[in-house]
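Enquirer: My questions will all concern the structure given below.
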Amino acid sequence: MMLPYELIILLTLLLLGYVFGRLAERRHYRSIQAREDQYRQLLVLAERHLPPEYVTGHESCLVMGNVVVSVDYFKMMIAALRNLVGGSIGAFESLLDRARREAILRMQEQASALGAGVVFNVKLETCRVSGDASRGVGSVEVMAYGTALYPRANASR
Amino acid sequence: MLISNLEIVPGMRVRRHLGLIQGSTVRAKHVGKDFMAGLKNIFGGELTGYTELMNESREAAMARLQEQATALGANAILNVRFATSTIAAGASEILVYGTAVELERMGV
Numbered sequence: 583m584m585l586p587y588e589l590i591i592l593l594t595l596l597l598l599g600y601v602f603g604r605l606a607e608r609r610h611y612r613s614i615q616a617r618e619d620q621y622r623q624l625l626v627l628a629e630r631h632l633p634p635e636y637v638t639g640h641e642s643c644l645v646m647g648n649v650v651v652s653v654d655y656f657k658m659m660i661a662a663l664r665n666l667v668g669g670s671i672g673a674f675e676s677l678l679d680r681a682r683r684e685a686i687l688r689m690q691e692q693a694s695a696l697g698a699g700v701v702f703n704v705k706l707e708t709c710r711v712s713g714d715a716s717r718g719v720g721s722v723e724v725m726a727y728g729t730a731l732y733p734r735a736n737a738s739r
Numbered sequence: 644m645l646i647s648n649l650e651i652v653p654g655m656r657v658r659r660h661l662g663l664i665q666g667s668t669v670r671a672k673h674v675g676k677d678f679m680a681g682l683k684n685i686f687g688g689e690l691t692g693y694t695e696l697m698n699e700s701r702e703a704a705m706a707r708l709q710e711q712a713t714a715l716g717a718n719a720i721l722n723v724r725f726a727t728s729t730i731a732a733g734a735s736e737i738l739v740y741g742t743a744v745e746l747e748r749m750g751v
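Written out as structure tokens, the structure reads:
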């Protein structure tokens, strides 16, 4: 008995999405954890007000990091099935979690290049990148930005 | 030009407040990149082309913000916020806004 072509294509796409998506996610999580350990010393705060010790002798600079991530076919399918019964969609949660942590890491990278020890007033922003508007979540952009404070070169002044 | 998303700048004081300014840009992706992104939607992962595009557009928006600030005679932009929205099927708008101020160094 011959399977219809559509079904074969669908199953292939699902399999490709599952295998490559899984691999990519695991690799990404490993890289995120390694870099988070590396930047553990660089504080990221959502605090708007500077403590007095930062008010003098420091320079400030806006830093940001962004990333656009895409779902894989398998996740898209899982989410579509999930929509029937409702509930939390774990497949998308992990995607957004990864994207947010990646964006923060890129921001920290910029901050550490400046020699900063702390980033204040960090804001996160999420936006669906268009092109897939009709097909649900296709790719999502996450952006993190904040103000990095680093010691002024001639702090003694 | 000093750009910050805090309300105060270390060691500086606001001398003059010049009001809200904004810079925005609407960008579309070209078909080739969109096609590649469509493929990427099967495998998942980062869309580097889009990440770069968003970065470039954000820089363009910030350049416009700075232009406005310079025209007003400001030397810093405080409390900067970013906003992104999808306005059409293939285009997104990036908006940057903040307060233009004239800062002076605090005498120590």
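Chains as they are written, first to last, in the numbering used here: chain A, 583 to 739; chain B, 644 to 751. Note that CB positions come from ideal geometry on N, CA and C, so glycine has one too.
Quick one: does residue 676/A have its CB under 8 angstroms from some CB of chain B?
Expert: Answer no: the Cβ-Cβ gap between residue 676/A and chain B never drops below 8 angstroms.
Enquirer: Rank 624/A, 732/A, 658/A, 593/A by C-alpha distance to the C-alpha of residue 672/A and give the top, closest one.
Expert: The shortest Cα separation from residue 672/A among 624/A, 732/A, 658/A, 593/A belongs to 658/A.
Enquirer: So if I threshold CB-CB distances at 7 angstroms, which residues from the stretch 689 to 700 of chain B count as touching chain A?
Expert: Listed by position along the chain: 689, 690, 693, 694, 697, 698.
Enquirer: Roughly how many whole angstroms lie between the Cα atoms of residue 661/A and residue 707/A?
Expert: Their Cα atoms are separated by approximately 22 angstroms.
Enquirer: Give every residue of the same chain whose Cβ lies closer than 7 angstroms to the Cβ of residue 686/A, excluding the five residues on either side of it in the sequence, and list them in chain order.
Expert: Excluding residues within five positions, the ones whose Cβ falls inside 7 angstroms are 626, 647, 726.
Enquirer: May I have the straight-line CA-CA distance separating residue 682/B from residue 719/B, to the nearest angstrom?
Expert: Their Cα atoms are separated by approximately 43 angstroms.
Enquirer: Tell me, please, whether the CB atom of residue 651/B is closer than 8 angstroms to any CB atom in chain A?
Expert: Yes, its Cβ sits closer than 8 angstroms to a Cβ of chain A.
Enquirer: Quick check on residue 713/B - is its C-beta less than 8 angstroms from some C-beta in chain A?
Expert: Answer no: the Cβ-Cβ gap between residue 713/B and chain A never drops below 8 angstroms.
Enquirer: According to DSSP, is residue 634/A helix, strand or coil?
Expert: Three-state DSSP puts residue 634/A in a helix.
Enquirer: Can you tell me the Cα-Cα spacing of residue 705/B and residue 726/B, whole angstroms?
Expert: Computed Cα separation, rounded: 12 angstroms.
Enquirer: Suppose only complete runs of 3+ residues qualify. What are the beta strand (DSSP E) ranges in the stretch 683 to 716 of chain A, listed by chain order?
Expert: Listed in chain order, the complete beta strand (DSSP E) runs (minimum 3 residues) inside the stretch 683 to 716 of chain A are 700 to 711.
Enquirer: In the structure shown, what three-state DSSP assignment does residue 664/A receive?
Expert: Reduced to three states, the DSSP call for residue 664/A is helix.
Enquirer: Apart from the five residues on each side of it in sequence, which residues of its chain come closer than 7 angstroms, Cβ to Cβ, to residue 640/A?
Expert: Excluding sequence neighbours, residue 640/A sits near 731, 732, 733, 734.
Enquirer: Take the Cβ of residue 684/B as the centre, count every other Cβ of all protein chains shown within 10 Å, and call the residue buried at 16 or more, exposed below.
Expert: Residue 684/B should be labelled buried.
Enquirer: Excluding sequence positions up to five away, which residues of its chain have a Cβ less than 8 angstroms from the Cβ of residue 618/A?
Expert: So the list reads 683, 687, once near-sequence residues are dropped.
Enquirer: Cβ of residue 606/A less than 8 angstroms from any chain B Cβ?
Expert: So, interface residue.
Enquirer: How is residue 749/B classed by DSSP in three states: helix, strand or coil?
Expert: The answer is coil: DSSP assigns residue 749/B none of H, G, I, E or B.
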